[in-house]
Structure formats: structure tokens, C-alpha cells
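When we follow the numbering used here, the leftmost residue of the sequence shown carries the number 434, and every step to the right adds one.
Even glycine gets a Cβ: it sits at the ideal position worked out from N, Cα and C.
Keep in mind the model is a prediction, meaning the values are calculated, not measured.
Scroll down for the structure; my scribbles are underneath it.
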Amino acid sequence: RMLYSKNNKREVAATCMAFATGETNDFAIGSEDGYVYKGHVHGANAGISSELGHHFGPITALDFNSKSLMLSASMDYTCKVWDTDVLKASFSLSDAVWDAKWSPTQNGVFATCDGSGISLWDINEEEK
434 RMLYSKNNKR EVAATCMAFA TGETNDFAIG SEDGYVYKGH VHGANAGISS ELGHHFGPIT
494 ALDFNSKSLM LSASMDYTCK VWDTDVLKAS FSLSDAVWDA KWSPTQNGVF ATCDGSGISL
554 WDINEEEK
């Protein structure tokens, strides 16, 4: 059971979880209510510590590219790139998305998949 407390405690129904590469303390959680949360495993602030923002459907996937860039995919047919340092989405696309993963070799490139196949995206390009 995960609790988030800004002004009051509420339970968070986690649907997915991700750690940045090499990270063992800080994590992100995607939830059934569409929110993305940051949290810590250890220390005085253990548990969920902040909200990044939200989708309009359950989160289906989270994946980190670096310590501060993270992808989220949702049942609301969107994929977002989050800057976890400033707690906001910096890029969003509207496409049917079931899963999303960063390329392990190409910085800024990620793949999304849906029922019809796989799409590749590059956030370094202005137009796709």
C-alpha cells in the first residue's frame, strides 16, 4: 500500500514503477488514476513525495532515459516525456500507446507500440 500526502493521505493504486539507470533510491510510479508520482525507497522521506502530473487514463508504462528524463504511456492514448527535475511534461504525443521504451543506444529516440505495430520517435527532431 502506497500513500501520498500533500495535505491529506490517500492511497495510490500503482500500475507500473521505474527506477533511473543505476538508481536504487529514487523511483517513479504510474497509477490507475493517471497520475505519475516520484518517491524514495530509503531515508526520512521514504514513500511517495511528489506528483509529476497526470494523464487522463491509467498509466501503462514508465521508462527512464536519464536521471531526469522519463517516458510515460497511458490508456488515454498519449505518451509524455517528463523532466522530473522541474516536475512537468516537456513533450507529448497523441497516438494509441500501450507501451513506450527509450532506445538504449540513441539519445532522445524512443519507441511506442499499439495494436498495429511499433512507431519510432526522436525528440531531437522538430518535425516527425
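ASP466 carries a coil assignment under DSSP once its states are collapsed to helix, strand and coil. Note on geometry: alpha-carbon atoms of VAL469 and ASP459 lie some 13 angstroms from one another. Taking LEU504 as reference, the option from GLU558, GLY463, GLY455, VAL445 with the minimal CA-CA separation is GLY463. Distances from the CA of SER507 to each of ALA477, ASP555, THR493, TRP515 were compared; the closest alpha carbon is that of THR493. Here SER501 carries a coil assignment [DSSP, helix/strand/coil]. Remark: C-beta atoms of CYS546 and TRP531 approach each other more closely than 7 angstroms. The three-state secondary structure of MET508, taken from DSSP, is coil. Residue pairing by DSSP places LEU495 opposite SER505 in a beta bridge.
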